[in-house]
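Asker:
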Amino acid sequence: MGNLCRSPLAAALFHARVPAGRCMIVSSGLAAQPGRTIDPRAAAVLGAHGLRPLEPAARAFDPASVGQDDLVLAMQQRHLQALRALLPSARPRMHLLGRWTPSQEIDDPIAGTQDDFERTFALIERCVSEWCAHDRRLSA
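Here the working numbering is used: the first residue of the sequence shown is 47, the next is one more, and so on.
1. Mind the definition here: the stretch 87-96 touches the stretch 106-114 only if three or more C-beta pairs lie below 8 angstroms; say whether that holds.
2. Using the C-alpha atoms, what's the distance from isoleucine 84 back to leucine 184?
3. In whole angstroms, what is the alpha-carbon distance linking threonine 147 and methionine 121?
4. Residues in the same chain with beta-carbon distance under 7 angstroms from glutamate 164, minus the five sequence neighbours each way, listed in chain order, please.
5. State yes or no: is the C-beta of leucine 100 within less than 7 angstroms of the C-beta of alanine 131?
6. I need the boundaries of the alpha helix (DSSP H) containing histidine 95, first residue and last residue.
7. Can you tell me whether DSSP reads threonine 159 as helix, strand or coil?
8. I need the DSSP call for valine 118, collapsed to helix, strand or coil.
9. Which one of Arg105, Arg87, Arg52, Arg145 has the shortest CA to CA distance from aspartate 161?
10. When you compare only the Cα positions, how much space is there between serine 135 and histidine 141?
11. Name, in chain order, the residues that DSSP records as bridge partners for threonine 83.
12. Does leucine 55 come out as helix, strand or coil in the three-state DSSP assignment?
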């Protein structure tokens, strides 16, 4: 919810996969503290994979910024429920990032080790690949 770990990883991975100009990718969190920088362990994982964060600092989710065609992805069911309550009109376009994985939810590695961040990155990378394969807005 803080927009410091998982969402920045996902945004960087989508940015690397989605053809330029195809869509705008934004990372935000329901309980983000705007201005806080990405967790250093998340930044290290991105750097190790030749990526960097799209945003220099956390950004709070703004329901007014969600357009009619926007896809909104959440990491956990509780996030998805909160998003749907905030913006019921966008409910059909709100999903879990891990929709095609067995557990569907992506746990927050914030209290974990660098290895936990690597595992989270690998899971998110698989999820991004699945989304790119299933959603024509995200593919070439």
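Beta carbons are placed, not taken as given, at the ideal position from N, Cα and C, and that holds for glycine.
Answerer: Concretely, from the data shown:
1. no
2. 25 angstroms
3. 12 angstroms
4. Val91
5. no
6. Here histidine 95 belongs to no alpha helix (DSSP H), and DSSP marks it neither H nor E.
7. coil
8. strand
9. Arg87
10. 14 angstroms
11. Ala103
12. helix
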